[in-house]
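**Student:** Sequential numbering of the sequence shown, starting at 451, is according to my numbering. For reference, the structure I am asking about is given below.
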Amino acid sequence: MATTKPLIVIIDDDFTQSQPLYGFLENEYTADNVHLFQNSSDGVKFIEESLSRKVIVLLDIMFNGQEVGVDVFNAIAKQSALVCFIVMTGNIEQVSKKGLTSLVNGHAWYIVQRDKPAKEILNIVKDAENHINLRVDGALEEWILRHTPDEQQRPFLKSRSGSTYSLLDILQSLRGGDNNGIGQQIANDILVLAVDLLLTDQTKIGGGE
């Protein structure tokens with residue numbers, strides 16, 4: 451089954467479409483999937499409206515000497531733990547300890563020097579794409595979003611304790627990044643089932659007999 455290409459969102463007040471990286475990204479992901487925002491608020495709004503898609507964000511940290519990028523990261527991370535961030539900075543030493551702590555605790559995928567060659571950064575983006583394609587929680591999110599809003603709100607499962615959850619409840623749990631939430635529990639159960647199938651030889655890899 452073909453995998454949908456992610457949206458690539460660049461939030462950087464110094465980045466322009468004339469830079470080589472932008473052209474590489476358009477060639478790899480198509481022009482419709484690559485979006486540049488020099489205004490951080492516009493970038494946040496676009497991501498908030500695009501949470502039904504896989505999203506990889508190339509995020510600058512310093513805007514006019516201020517750690518605006520950290521605020522952007524925190525704002526999006528509160529809404530979805532499934533957005534993949536590649537943080538770009540000219541000088542990592544300019545980022546405060548508090549800012550770095552937020553990025554690390556919020557699981558930023560990669561922190562890269564912005565002066566790295568464009569093709570190296572493109573390869574990091576490709577690695578991030580592979581990462582989100584392999585995430586069970588991301589696949590579960592996509593499956594939920596294929597249901598209508600009405601279907602998402604109906605009771606979907608009942609826990610052993612008697613609690614009832616809708617698909618929307620599961621989606622919100624996944625996006626919240628709660629390791630003990632119902633969404634992550636289901637994702638973990640899927641992983642356990644996959645491993646069990648492999649160990650009991652119920653699944654053949656590569657079409658072998």
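Quick reminder that beta carbons are idealized off the backbone N, C-alpha and C, glycines included. As the structure is a prediction and not an experimental result, all values here were calculated from the model.
1) Would you identify the three-state DSSP class for His485, choosing helix, strand or coil?
2) Which residues does DSSP list as the beta-bridge partners of Phe474?
3) Check this for me: beta carbons of Ile511 and Val562, under 8 Å apart or not?
4) Give me, in chain order, the residues of the same chain whose beta-carbon lies closer than 6 Å to that of Ile526; leave out the 5 immediate sequence neighbours on both sides.
5) Nearest-angstrom Cα distance between Phe474 and Tyr615?
6) Considering Leu553, what are the terminal residues of the alpha helix (DSSP H) in which it resides?
7) Whose C-alpha, out of Leu618, Gln529, Glu579, is nearest the C-alpha of Leu457?
8) Taking the alpha carbon of Ala481 as the point to measure from, which residue in Phe487, Gln488, Tyr472 has its own alpha carbon closest?
9) Here's the rule: buried if 16 or more other CB atoms are within 10 angstroms of the residue's CB, otherwise exposed. What is Ser490?
10) Using alpha carbons as the reference points, say which of Val520, Arg596, Asp565 lies closest to Asn555.
11) Ignore the nearest five residues each way along the sequence and tell me which others in Tyr479's own chain have a CB closer than 6 Å to its CB.
12) Quick one: residues in its chain with C-beta nearer than 6 Å to the C-beta of Leu572, no 5 flanking neighbours on either side, listed in chain order?
13) Checking 8 Å against the spacing of the C-beta atoms, do Gly549 and Glu517 come in under that value?
14) Looking only at its chain, what residues have a beta carbon closer than 7 Å to the beta carbon of Ser502, apart from the 5 residues adjacent to it on each side?
15) Quick check: what's the CA-CA separation for Leu509 versus Asp600?
16) Bridge partners for Met538 per DSSP, in chain order?
**Tutor:** Looking at the coordinates:
1) strand
2) For Phe474, which the question treats as bridged, DSSP gives no partner whatsoever.
3) Taking 8 Å as the cut-off, the beta carbon of Ile511 is found no closer than this to the beta carbon of Val562.
4) Only Ile497, Val533 meet the Cβ criterion.
5) 43 Å
6) 547-555
7) Glu579
8) Nearest C-alpha to Ala481: Tyr472.
9) buried
10) Val520
11) Lys455, Ile458
12) Closer than 6 Å at the Cβ level, and outside the excluded window around Leu572, lie Phe474.
13) yes
14) Leu595
15) So the two alpha carbons sit approximately 35 Å from each other.
16) Asp510, Val562
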